[in-house]
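Q: Below are the structure tokens for one structure; questions will follow.
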Amino acid sequence: MSYLTRRLLTFPLVMLGVSILVFVAIRLVPGDAITAMLGTEAGLLTPAQRDALASYFGIDQPILAQYWHWLLGVFQGDLGISVTYGKPVLGVILERFPLTLQLALMSMCVALAVGLPAGVFAATRNEKLSDLGVRIFAMIGQSTPNFVVGLLIIYALSAGFGILPTMGEFTPFFTNPLRNLGQMILPAVTLGFAFAASVTRISRSAMLDVLSDDYVRTARSKGVPKRSVIWRHALPNALIPVVTLSGVEFGYLLGGAVLVEQIYALPGLGRLVLDAILQRDYALVQGCVLFIAFNFMVINLLVDLLYATLDPRIRLGEGG
Amino acid sequence: MAMLRAIFSHASGRIGGTIVVIYIVVALLGMFDVTPHNPLQQFRIDRLHAPNAVYWMGTDLFGRDVASRLMKGVGQSFLVGFCSVTLATLAGTVLGLTAAWFGKAWDALVMRVMDVLLAFPAILLALLIIAIVGPGTWTSIAAIAIVYTPIFTRVVRGPALSIKSREFVDAARTFGSSRHYILTRHLLLNLVAPLTVQVTLALAWSLLTEAGLSFLGLGTQPPASSLGLMLADSRNLMETAPWLLIFPALAIMISILGFNLLGDALRDILDPKTRSRPA
Amino acid sequence: MTPLLSVSALRVGFGRDPMKNEIVKGVSFNLDAGETLAIVGESGSGKSVTALSINRLVDFGGGRIIDGSISLRRRDGSVFDLAQANEPSLEKIRGSEIGMIFQEPMTSLNPVLTIGTQIEESFRLHHGLTGRQATAAARDALDRVRIPDAARRLKYCPNQLSGGMLQRVMIATALACNPRLLIADEPTTALDVTVQAQIMALLGELKRETGMAMIFITHDIGLVAGIADKVMVMQAGKAVEQGSLNDVLDRPQHPYTQHLLSAVPHFESGRAVRSDFHREETSSPALTVDGLTVRFKVTGGLLSRSPGSVHAVENVGFDLMPGETLAIVGESGSGKSTTARAILGLVRPTRGSFSTHMGSVADATDPSVQMVFQNPYASLNPRLRIDSILAEPVIAAGGRVNAETRDKMKALLKRVGLPEDSLERYPHQFSGGQRQRLCIARALMLNPSVVVLDEAVSALDVSVQAKVLELLVDLQREYGLAYLFVSHDMAVVERIAHRIAVLYAGEIVEIGDAASVLSNPKHSYTKRLISAVPSIDHRNQHFEIDTRQVPSLVRPPGFEPPPAEWRSFGPDHSARAEA
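Residue numbers (the numbering used here), protein chains in the order written: chain A, 1 to 320; chain B, 1001 to 1279; chain C, 2001 to 2579.
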């Protein structure tokens, strides 16, 4: 069986696991399901109202039946009703998602634009001073939590230039692109910093590995100029781990950057989850977590497809 | 001994090793309350005092000594990091080793469950667990342990699979060596190196995650102190009292940097790929 | 006229301080246009470093030329010193004037680019060809190395071709711009012996066609005879002897050359077989294998059914007497290793039975059968001390490690030629040959009657091979061991085997006493195999180019091969009848 077939097969399997985990997790919350769903307001209900709600939500049915109903709902895009917003969960999520998607894309652009050239540059100057500089930058980048970077940037701007990042109401990109970018650039740089550091490290080490491979020696023996050896022969082979890393990081960013959104007061998916947890809005928690995991899995699948176009060994199967 | 010498003759090992040693000393001092002041005592007349000879890192809004609170915070992060990584290592090693050895259905089951756990961003999975159980030190430990178990499982399973196909394991099978003997003497013994590297790096991540959780108010609960909480408290005061931000931020950065550097050095030293090999 | 290439007093070092870590210590030689120089040496002799210094690829591996000159007479007649040249001018020389091919064709081509792109690149770089012209040139280059269906193969990626095919592609790439010098660094070491013969034949033909000079690097002095005009023997960074082919092979002056020619196994077509054993049909065999069949199911696609099974080993049977060596020879994919592994219980046989004189061994772990593996670096656990390694079979057999066991370990270590203090050391403190001795000692801990040696000397340097073979013969006589010796190397087999079974595509095609099989092969495959073995007697021999491929071993479900018909050619020599 080819690698891709196997990946396509495990996708629904893992998604099923994710749905079970999310479903069960919410039912593990201490107290009964009504309290779990309505939070503190549940205390105001009369027993009759409770029973009515229980049968309305199907909670009086066996757990497997409940799961089945929930799953059927999920397939139809019904993730339940958010208590805090009084709206369908999916709608609430989709309102917040564009911001998160934009932030993730911008961060990845920052990371690749900085990290890839830096990594390749460092690899070709292995053990020299400029390599050391790049490695120190990458090390520090990897060791600084995003929210610390964010706090330090805000502090540096306010102490050094007396400017505070525009917090205020968030402006969607299509309403006012300039104002939007003004709001998004600092969060994107903040998230991109550690991301760029990881890309630098992985592209440097992948490039170093590849540069000592036999086919690179072959290319040199043909008289291929240095620049072409690096960009044409080595880089395509070194890209695979970079693509993996970028895919995973991007997938995680699509889950919302809880801490950075919190610092810059951005209404993204991360803040939504955090608020839902703090307000015990369990339908919303459940919906968000499922949505985020689904995104992550889809991104990973796309990354695997990208692999296949990059590497004929995967496309054609080993020795095929 | 030879290991220590190797670490200290490696540039980043020397720096990382020193930081980690200092970090552990500070953490232990903090855990056993050997601090310049009582971290909870409020020196009301000295509120928001800048760093000086008495308050090395200044005081906070309530007049508490920042240096003492920082030491307590470092102790707290060490406790959470150490316990969670130990748990994740144990669970990951058992799962990864058995998955590699038994293969087939057990391997598929374990790895799919790990895939499920990996489908959540680390902080989100930790938040979900905390949402269920409620915040606190032990919840943080459990949450971080669960978040990093899949990583350890993968780190053990990969090399275990490759060692399993090495000829010395084949040789052991031809002698009829017991499963227990092969698993412990041949597989586990050869996994010590990659595990050591991973434990060091995981300590760095766990510090990161712990700081994030307490920054959000879902980790260590006040009045106990933690680096994340200190940073959260500094947010509205950073212009008037930047020391509230700078010192905890540096503490987090430097301790994570130390573990990362040490992990890198260990990888260089222990990785057979970089060691000289007879041709 | 000045020579094409003149290397004088070349010294090359590695690392931060190249003077301290000198690998090539003053090598000089001349090479005329159209001439072939063979550089012979064992690993660590500096032969590859010398070759890589000529086109300065050594720079990329951390090497530096400390001293000496490398003068190349260029196409326009000017003389160019490669030792002093800078990188941009070297890029113009590489590929256009000096081509190179390497040991591992499987890893020497870029896995993400098509064959066509990689060949075209040379034409683009040095001849300025583009588009359709470059493609046409690449197709001609593939035709030239006798790759059938060249136009289609241009679109293939490297992982779609076999090792032999890839080496041809490498040759096509290296020769694209008609370089006047080709450096071939062990180009056939990674290939099967029949494929090696084809590549050697191809190189010989291309050399005649183009009139290029060649530097051929090899560890196998037997291979030199077929292609070289001149030979240079290297040892520990120095050229200890050089001269014309016949002078070096027939009248070696230096002791090391004499050692290489006499002590190292060379194939002598059955004249060097052992004569210290005679079968007596009355005694009972140490091991009997009957109808051994191993098939692996091929997994199908998602919806398609399994296309069948790989018939890796098909109905293999033989018996092995105490004190006798049966060699199982064959090329990669012939099923020889699978046979060995099945006997030891590492692979589950589909059918067939084994018995030792202890009784039937259905699922192995019979202490009377032990195994020595191919790779001495992988077959000892690097984290265990030698005493633990030697104790493992004893513990596994339920024994206890006591003073008696330790005495036995010491005695065995001494017997295999290792110092007694080895017990307290770790595997990495031993050389490859010593490790293989350790493996042999470990296999003998339980007093086996049969030892299966799976390519047990193949990973060792040639002169170490000879010593380990000697040890094996001594041990066999002393303990009356029966050896099942699995190998692809006919020269080695000739030195140790009493009987030989030839395996081809999972089946025995010929079996009999060693002298008879080697000197008078009957099956067409055995004939082909034996004629492909290089030998110092085959001077400048012409090989016929033969592009036959090993048949696929995948059979449809339920397929049973027809029963074999055997013909007898003597008291102990039979071969399968061929259609």
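From the three backbone atoms N, C-alpha and C, an ideal C-beta is built for every residue, glycine too.
Kindly indicate the opening and closing residues of the alpha helix (DSSP H) around Phe-1175 (chain B).
A: For the purposes of this step, residue 1175 (chain B) is identified with residue 175 of the second sequence, where counting begins at 1. Run containing Phe-1175 (chain B): 1167-1175, per the alpha helix (DSSP H) assignment.
Q: Note the first and the last residue of the continuous alpha helix (DSSP H) segment covering Val-2457 (chain C).
A: For the purposes of this step, residue 2457 (chain C) is identified with residue 457 of the third sequence, where counting begins at 1. Note, Val-2457 (chain C): premise wrong, no alpha helix (DSSP H); not H, not E.
Q: Write down the C-beta distance between Tyr-269 (chain A) and Phe-296 (chain A) rounded to the nearest angstrom, noting that I regard them as a contact closer than 8 Å.
A: As a working note, residue 269 (chain A) is residue 269 in the first sequence. As a working note, residue 296 (chain A) is residue 296 in the first sequence. Correcting the residue identity first, residue 269 (chain A) is Leu in this sequence and not Tyr. The Cβ separation is near 12 Å, so there is no contact.
Q: Following the continuous alpha helix (DSSP H) through Met-2170 (chain C), name the residue where it begins and the one where it ends.
A: Locating residue 2170 (chain C) in the third sequence gives position 170, counting from the first residue. Element bounds for Met-2170 (chain C): 2163-2174.
Q: Shorter than 8 Å from the beta carbon of Arg-1112 (chain B) to some beta carbon of chain A?
A: Counting from 1 along the second sequence, the entry for residue 1112 (chain B) is found at position 112. So, interface residue.
Q: With DSSP as the reference, please indicate the residues paired to Glu-2510 (chain C) in a beta bridge.
A: As a working note, residue 2510 (chain C) is residue 510 in the third sequence. According to DSSP, which records beta bridges pairwise, Glu-2510 (chain C) is partnered with C:Val-2502 and C:Ala-2575.
Q: Which runs of the beta strand (DSSP E) at least 3 residues long sit entirely within the stretch 2259-2316 of chain C? Give them in chain order.
A: The qualifying runs are 2287-2297.
Q: Could you pull the start and end residues of the alpha helix (DSSP H) that Ile-2343 (chain C) belongs to?
A: Position 343 of the third sequence, counted from the start, is the residue given in the question as residue 2343 (chain C). That run of the alpha helix (DSSP H) goes 2336-2343.
Q: Under DSSP, the beta strand (DSSP E) around Phe-2216 (chain C) begins and ends at which residues?
A: Position 216 of the third sequence holds residue 2216 (chain C). Note, Phe-2216 (chain C): beta strand (DSSP E), 2213-2218.
Q: What are the partner residues of Leu-305 (chain A), as DSSP defines its beta bridges?
A: Counting from one through the first sequence, the residue named residue 305 (chain A) turns up at place 305. Paired residue(s): none; Leu-305 (chain A) is not in a bridge.
Q: Run the CB neighbour count on Ala-2362 (chain C), radius 10 Å, all protein chains shown included, and call it buried at 16 or more, exposed below.
A: On the third sequence, residue 2362 (chain C) is found 362 positions in, with the first residue counted as 1. Bear in mind that the predicted position of Ala-2362 (chain C) carries a pLDDT of just 48, short of 50, making it too unreliable to give a figure here.
Q: What are the boundary residues of the beta strand (DSSP E) that includes Trp-231 (chain A)?
A: Numbered from 1 along the first sequence, position 231 holds the residue referred to as residue 231 (chain A). Where Trp-231 (chain A) is concerned, there is no enclosing beta strand (DSSP E), given that its DSSP letter is neither H nor E.
Q: Considering only DSSP beta bridges, list what Leu-2072 (chain C) is partnered with.
A: The residue given as residue 2072 (chain C) occupies position 72 in the third sequence. Bridge partners of Leu-2072 (chain C): C:Leu-2005 and C:Phe-2080.
Q: Where Pro-88 (chain A) and Gly-73 (chain A) are concerned, what is the direct C-alpha to C-alpha distance, given to the nearest angstrom?
A: To locate residue 88 (chain A), count along the first sequence from 1; it is residue 88. To locate residue 73 (chain A), count along the first sequence from 1; it is residue 73. If you take the alpha carbons of Pro-88 (chain A) and Gly-73 (chain A), they lie about 12 Å apart.
Q: Determine, using beta carbons only, whether Ala-2378 (chain C) comes closer than 8 Å to chain B.
A: Counting from one through the third sequence, the residue named residue 2378 (chain C) turns up at place 378. Answer yes: the Cβ-Cβ gap between Ala-2378 (chain C) and chain B drops below 8 Å somewhere.
Q: Can you name the start and end residues of the alpha helix (DSSP H) that Met-2100 (chain C) belongs to?
A: Mapped onto the third sequence, residue 2100 (chain C) falls at position 100. No alpha helix (DSSP H) holds Met-2100 (chain C); the beta strand (DSSP E) holding it covers 2098-2101.
Q: Rounded to the nearest angstrom, what separates Pro-2018 (chain C) and Leu-2475 (chain C) at their Cα positions?
A: Translated into positions along the third sequence, residue 2018 (chain C) becomes position 18. Translated into positions along the third sequence, residue 2475 (chain C) becomes position 475. Each residue's alpha carbon lies about 44 Å from the other.
Q: Let me check understanding here. Comparing Cα to Cα, which of C:Gly-2099, C:Arg-2477, C:Asn-2315 and C:Phe-2216 lies closest to Met-2321 (chain C)?
A: As a working note, residue 2321 (chain C) is residue 321 in the third sequence. The candidate whose alpha carbon is nearest that of Met-2321 (chain C) is C:Arg-2477.
Q: For the candidate residues A:Tyr-282, A:Lys-222, A:Val-24 and A:Asp-131, whose alpha-carbon lies nearest to that of His-2127 (chain C)?
A: Walking along the third sequence from the start, residue 2127 (chain C) turns up at place 127. Out of A:Tyr-282, A:Lys-222, A:Val-24 and A:Asp-131, A:Lys-222 has the C-alpha closest to the C-alpha of His-2127 (chain C).
Q: Which residues, in order along the stretch 95-124 of chain A, keep a beta-carbon less than 9 Å from a beta-carbon of chain B?
A: Those would be none; no residue qualifies.
Q: Does the beta-carbon distance from Leu-2191 (chain C) to Gln-2167 (chain C) come in below 8 Å?
A: Indexing the third sequence from 1 puts residue 2191 (chain C) at position 191. Indexing the third sequence from 1 puts residue 2167 (chain C) at position 167. Yes; because the gap between Cβ atoms is below 8 Å, this pair is in contact.
Q: Which class does Gln-2118 (chain C) belong to by DSSP, given the choice of helix, strand or coil?
A: Here residue 2118 (chain C) is taken as the residue at index 118 of the third sequence, counted from 1. Of the three classes helix, strand and coil, the one that applies to Gln-2118 (chain C) here is helix, per DSSP.
Q: In chain order, what residues of the stretch 1165-1185 of chain B put their CB closer than 9 Å to some CB of chain C?
A: Flagged, chain order: Arg-1166, Glu-1167, Phe-1168, Val-1169, Asp-1170, Ala-1171, Ala-1172, Arg-1173, Thr-1174, Phe-1175, Gly-1176, Ser-1177, Ser-1178, Tyr-1181 and Arg-1185.
Q: Which residue spans inside the stretch 1189-1253 of chain B form an unbroken alpha helix (DSSP H) run of at least 4?
A: Segments of the alpha helix (DSSP H) lying fully in the stretch 1189-1253 of chain B: 1189-1215 and 1227-1234.
Q: Please state the DSSP three-state secondary structure of Ala-2362 (chain C).
A: As a first step, residue 2362 (chain C) is located in the third sequence; it is residue number 362 there, counting from the start. Annotation note: pLDDT 48 at Ala-2362 (chain C) (below 50); position unreliable, coordinate value reported separately. It is coil, neither helix nor strand.
Q: Do we get a CB-CB distance below 8 Å when we pair Pro-88 (chain A) with the residues of chain B?
A: Taking the first sequence and counting its residues from 1, one reaches residue 88 (chain A) at position 88. No, Pro-88 (chain A) lies away from the interface with chain B (no Cβ there is under 8 Å from its Cβ).
Q: Any idea if Val-210 (chain A) is buried or exposed, counting beta-carbon neighbours within 10 angstroms, 16 or more meaning buried?
A: Indexing the first sequence from 1 puts residue 210 (chain A) at position 210. The residue is buried, with at least 16 neighbouring Cβ atoms inside 10 Å.
Q: Thinking C-alpha only, which one of C:Asn-2246, C:Ala-2225, C:Ile-2227 and C:Asp-2220 is nearest Met-2234 (chain C)?
A: As a working note, residue 2234 (chain C) is residue 234 in the third sequence. The residue with the shortest Cα to Cα distance from Met-2234 (chain C) is C:Asp-2220.
Q: At 8 Å on the CB atoms, spell out the chain A contacts of His-2126 (chain C), in chain order.
A: Reading the third sequence from its first residue, position 126 is the one you call residue 2126 (chain C). Neighbours of His-2126 (chain C) on chain A, chain order: Gly-223.
Q: If Lys-2047 (chain C) and Ile-2039 (chain C) are in contact, beta carbons under 8 Å, what's the gap, nearest whole angstrom?
A: As a first step, residue 2047 (chain C) is located in the third sequence; it is residue number 47 there, counting from the start. As a first step, residue 2039 (chain C) is located in the third sequence; it is residue number 39 there, counting from the start. So it is a contact: roughly 5 Å between Cβ atoms.
Q: Just the chain C side, please: which residues come within less than 8 Å of Asn-237 (chain A) by C-beta, in chain order?
A: On the first sequence, residue 237 (chain A) is found 237 positions in, with the first residue counted as 1. Here the neighbours are Asn-2110, Pro-2111 and Val-2112.
Q: With DSSP run on the structure shown, which of helix, strand or coil describes Ser-2431 (chain C)?
A: Along the third sequence, read from residue 1 onward, the residue named residue 2431 (chain C) stands at position 431. Looking at Ser-2431 (chain C) - three-state DSSP - the assignment turns out to be coil, as it is neither helix nor strand.
Q: Are the stretch 2008-2026 of chain C and the stretch 1216-1225 of chain B touching by the rule of at least three beta carbon pairs closer than 8 Å?
A: In short, these stretches do not touch, since the Cβ pair count stays below three.
Q: CB Thr-1093 (chain B) to CB Phe-1152 (chain B), shorter than 8 Å?
A: By one-based count along the second sequence, residue 1093 (chain B) stands at place 93. By one-based count along the second sequence, residue 1152 (chain B) stands at place 152. Yes; because the gap between Cβ atoms is below 8 Å, this pair is in contact.
Q: Indicate whether Leu-2154 (chain C) and Thr-2173 (chain C) have their beta-carbon atoms separated by less than 8 Å.
A: In the third sequence, the residue the question calls residue 2154 (chain C) occupies position 154. In the third sequence, the residue the question calls residue 2173 (chain C) occupies position 173. Taking 8 Å as the Cβ cut-off, Leu-2154 (chain C) and Thr-2173 (chain C) do not qualify as a contacting pair.
Q: With DSSP as the reference, label Gly-1263 (chain B) as helix, strand or coil.
A: Taking the second sequence and counting its residues from 1, the one referred to as residue 1263 (chain B) is at position 263. Helix at Gly-1263 (chain B).
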